[in-house]
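Under the working numbering, the first residue of the sequence shown carries the number 3, and numbering increases by one thereafter.
Even for Gly, the Cβ is constructed at its ideal location relative to N, Cα and C.
Structure record follows, encoded as structure tokens.
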Amino acid sequence: MQTTSITTPDTKLATGFSRRSVLGSAAAVGGAALGIGALTAGATPARAAGQRTMVNQPFEAHEIVRIGLIGLGNRGFGMARGWADIPGAQVVAVCDIRADRATRVADDLVARGKTRPKEYGGKRDSFKQMLNREELDLVYIATPWEFHYDQARTSMLAGAHVAVELPIATELNELWDLVNTSEMTRKHLLLAENCSYGRNELAMLKMAHEGVFGDITHGAGGYLHDLRALLFNDGYYTDDWRRLWHTRSTASFYPMHGLAPIAAAMDVNRGDRAVTLAATATAPRGLADYRERFVPRDHRSWKEEYINGDRISCEITTSGGRTISAEHNVSQPRPYSRINSIEGSRGLFEDYVGGDSTGARVYAEPLHSGDTWRGFKALRQEFDHWLWKELEDDASGSGHGGMDYILQWRLIQTMRAGLVPDIDVYDSAMWCSPVPLSVESLAKNGKPVEIPDFTRGNWRKPRVGLDSRQTEMPPVP
Ligand SMILES: NC(=O)c1ccc[n+]([C@@H]2O[C@H](COP(=O)([O-])OP(=O)(O)OC[C@H]3O[C@@H](n4cnc5c(N)ncnc54)[C@H](O)[C@@H]3O)[C@@H](O)[C@H]2O)c1
Numbered sequence: 003m004q005t006t007s008i009t010t011p012d013t014k015l016a017t018g019f020s021r022r023s024v025l026g027s028a029a030a031v032g033g034a035a036l037g038i039g040a041l042t043a044g045a046t047p048a049r050a051a052g053q054r055t056m057v058n059q060p061f062e063a064h065e066i067v068r069i070g071l072i073g074l075g076n077r078g079f080g081m082a083r084g085w086a087d088i089p090g091a092q093v094v095a096v097c098d099i100r101a102d103r104a105t106r107v108a109d110d111l112v113a114r115g116k117t118r119p120k121e122y123g124g125k126r127d128s129f130k131q132m133l134n135r136e137e138l139d140l141v142y143i144a145t146p147w148e149f150h151y152d153q154a155r156t157s158m159l160a161g162a163h164v165a166v167e168l169p170i171a172t173e174l175n176e177l178w179d180l181v182n183t184s185e186m187t188r189k190h191l192l193l194a195e196n197c198s199y200g201r202n203e204l205a206m207l208k209m210a211h212e213g214v215f216g217d218i219t220h221g222a223g224g225y226l227h228d229l230r231a232l233l234f235n236d237g238y239y240t241d242d243w244r245r246l247w248h249t250r251s252t253a254s255f256y257p258m259h260g261l262a263p264i265a266a267a268m269d270v271n272r273g274d275r276a277v278t279l280a281a282t283a284t285a286p287r288g289l290a291d292y293r294e295r296f297v298p299r300d301h302r303s304w305k306e307e308y309i310n311g312d313r314i315s316c317e318i319t320t321s322g323g324r325t326i327s328a329e330h331n332v333s334q335p336r337p338y339s340r341i342n343s344i345e346g347s348r349g350l351f352e353d354y355v356g357g358d359s360t361g362a363r364v365y366a367e368p369l370h371s372g373d374t375w376r377g378f379k380a381l382r383q384e385f386d387h388w389l390w391k392e393l394e395d396d397a398s399g400s401g402h403g404g405m406d407y408i409l410q411w412r413l414i415q416t417m418r419a420g421l422v423p424d425i426d427v428y429d430s431a432m433w434c435s436p437v438p439l440s441v442e443s444l445a446k447n448g449k450p451v452e453i454p455d456f457t458r459g460n461w462r463k464p465r466v467g468l469d470s471r472q473t474e475m476p477p478v479p
């Protein structure tokens with residue numbers, strides 16, 4: 003399936019994406035566009051004229067949401083069906099640098115009874131042609147990480163709201179540039195963080211907000227997923243893009259799946275603020291060991307050197323005296339876990355006990371006593387989020403236990419009804435900031451570095467986010 007080579011360092015340099023920038027240099031691509039220049043962790047760039055906050059900014063109401071998709075590999079193909087199935091959403095255009103993948107998705111949607119979307123592809127910047135020609139309300143981006151920033155920024159400048167797969171960008175000035183572009187264009191950009199809509203995560207959020215755990219003091223989350231077989235599978239990640247990141251940088255590439263729900267439960271950017279991050283990295287052992295045992299000697303991966311630590315741990319502090327541990331490890335054998343645990347003055351919750359999320363346990367006063375863990379089932383039922391009560395049947399069978407569908411339904415609902423999105427550009431930037439900040443902290447031998455206040459002071463105001471009030475999906479015209 004590997005027809006076009008796009009991930010060699012040389013072609014990347016041609017797009018403005020350089021190896022040095024991945025290593026945490028502040029001199030990456032887009033900052034110059036809005037005059038950001040080189041940034042260190044704590045610096046806050048001034049707002050340009052005409053730029054104002056997107057905090058509490060509702061979407062304009064859309065009768066129908068016209069969606070364009072960029073990147074139609076593993077993730078994009080699966081999500082295309084979900085987008086097309088949401089009431090009042092239409093996938094009107096699809097784009098992949100590999101044109102055959104655009105055709106595959108278009109064929110699939112037609113086979114499922116949908117109108118055929120326009121196909122774009124063949125070139126690295128075919129997405130620009132799509133953005134120029136199509137009237138799009140929403141662009142969804144599921145390309146390799148190195149393309150997210152440019153594609154997201156260009157989409158907002160073309161007049162569309164944007165949902166981006168993890169991470170929205172990998173450099174600090176790119177994160178700032180996305181914040182600034184969103185504020186300037188009045189277009190929302192959000193991380194398509196499906197795990198924020200996990201059933202346990204949303205129940206945990208509601209319990210945190212209703213005081214079940216008392217004053218929250220600590221949480222832990224992350225992405226612990228044995229990806230070794232997929233990373234070395236020739237047919238999976240296009241042109242090896244994900245494995246190659248492990249040759250370029252020592253960084254926490256992808257902790258957001260576990261970090262985002264914990265940050266939401268702590269009201270980060272909505273009453274509290276993440277202020278410092280300190281990172282540690284273990285030696286890189288897992289990928290080389292796997293290759294040694296399972297990959298033939300003539301495989302191209304034998305030319306690679308893996309430099310990313312197997313486990314990158316980030317300790318985050320908040321202005322409210324809380325701490326968050328955010329972990330990343332995809333290089334060692336282990337059962338899957340996003341950790342997902344939280345504790346406070348009256349109790350605690352732990353997910354992924356016994357290997358998966360069905361083993362979640364809780365202990366909270368005055369309900370529980372005697373040093374004995376209780377199962378989470380009854381409390382989950384009591385604190386079940388309205389989205390799950392409403393959409394359980396529709397979501398069943400969709401990706402990642404249904405949370406992909408819930409994310410998609412809720413985003414389309416907020417767009418159609420003209421509501422404030424649950425996740426905004428500030429949440430997205432904060433959740434993705436461990437990517438560059440872990441590099442910066444590691445370069446300083448693990449010293450804490452400042453996490454920027456992407457809200458520029460608006461974090462103090464408590465406001466609604468994922469713990470939303472129940473509202474209806476507008477009827478389809
Ligand atoms: N939220 C989740 O649960 C979840 C799950 C899997 C993947 N992801 C994310 O989705 C993204 C894609 O991952 P994947 O596993 O689908 O990778 P993939 O390699 O299967 O797909 C990437 C696709 O992007 C295309 N592409 C590359 N450059 C392009 C360009 N300039 N224009 C248009 N298309 C381009 C490739 O041809 C390929 O089809 C990643 O960011 C990944 O982290 C998220």
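- DSSP places tyrosine 308 outside both helix and strand once states are collapsed to three, so it counts as coil.
- Under DSSP, glutamine 53 forms no beta bridge with any residue.
- Of the heavy atoms belonging to ligand 1, at least one sits nearer than 7 Å to the Cβ of asparagine 196.
- When distances are taken from the beta-carbon of tryptophan 243 to the heavy atoms of ligand 1, the shortest one is below 7 Å.
- Cβ-Cβ separation between histidine 248 and asparagine 310: approximately 4 Å, consistent with a contact (criterion under 8 Å).
- Inclusion of asparagine 202 and alanine 362 in the CB contact set at 8 Å is warranted, their separation being smaller than that value.
- The beta carbon of glutamate 137 lies closer than 7 Å to those of Arg68 in the same chain, with the five residues before and after it left out.
- Pairwise C-beta distances place the stretch 106 to 114 out of contact with the stretch 159 to 172, as fewer than three of them are shorter than 8 Å.
- From the listed residues Gly403, Asn76, Ala366 and Val57, the smallest Cα separation to leucine 232 is found for Asn76.
- Annotation for arginine 336: Leu226 and Asp228 place their beta carbon closer than 7 Å to its own, counting only its chain and skipping 5 residues before and after.
- Residue ranges of uninterrupted alpha helix (DSSP H) with 4 or more members, entirely inside the stretch 125 to 159 and ordered along the chain, are 128 to 135 and 147 to 159.
- Closest in alpha carbon position to proline 146, among Ile72, His211 and Lys208, is Ile72.
- DSSP places glutamate 329 in the uninterrupted beta strand (DSSP E) bounded by 325 to 331.
- In this structure, the C-beta of tryptophan 433 stays at least 7 Å away from each heavy atom of ligand 1.
- Between isoleucine 453 and leucine 192, the C-beta gap is not smaller than 8 Å, which leaves the two residues out of contact.
- Each residue's CA atom was taken as its position, placing aspartate 179 and alanine 45 some 13 Å apart.
- With a cut-off of 7 Å, the C-beta of leucine 246 is classified as distant from ligand 1, since no heavy atom of the ligand falls inside that distance.
- Contact between valine 427 and methionine 56 is confirmed by a C-beta separation of about 6 Å, below the 8 Å threshold.
- Counted as a single uninterrupted DSSP element, the beta strand (DSSP E) harbouring threonine 319 occupies residues 314 to 320.
- The count of Cβ pairs closer than 8 Å, one atom from the stretch 235 to 248 and one from the stretch 385 to 399, stays below three, leaving the stretches out of contact.
- Proline 286 and serine 339 have their alpha carbons spaced roughly 20 Å apart.
- For aspartate 395, the uninterrupted alpha helix (DSSP H) segment begins and ends at 388 to 397.
- Going by beta carbons, alanine 280 and lysine 449 fall inside the 8 Å limit.
- When secondary structure is reduced to three states using DSSP, glutamine 383 falls in the helix class.
- Counted as a single uninterrupted DSSP element, the beta strand (DSSP E) harbouring arginine 363 occupies residues 363 to 366.
- With a cut-off of 7 Å, the C-beta of isoleucine 425 is classified as distant from ligand 1, since no heavy atom of the ligand falls inside that distance.
- Short note on serine 128: C-beta closer than 7 Å to some heavy atom of ligand 1.
- Nearest to glutamate 176 by C-alpha distance, out of Lys463, Val437 and Pro464, is Val437.
- Collapsing the DSSP output to three states places lysine 189 in coil.
- Bridge pairing for histidine 220: Thr325 and Glu345 [DSSP].
- Contact between phenylalanine 378 and histidine 330 does not hold, since the beta-carbon distance rounds to 25 Å and is not under 8 Å.
- Inclusion of glycine 260 and glycine 223 in the CB contact set at 8 Å is warranted, their separation being smaller than that value.
- Serine 157 counts as buried, since no fewer than 16 other beta carbons sit within 10 angstroms of its beta carbon.
- One alpha carbon belongs to glutamate 294, the other to asparagine 447, and they sit about 30 Å apart.
- Below 8 Å, too few C-beta pairs join the stretch 206 to 214 and the stretch 75 to 90 to call them touching: fewer than three.
- Counting only residues of its own chain and dropping the five nearest sequence neighbours on each side, valine 214 has a CB closer than 6 Å to the CB of Ala366.
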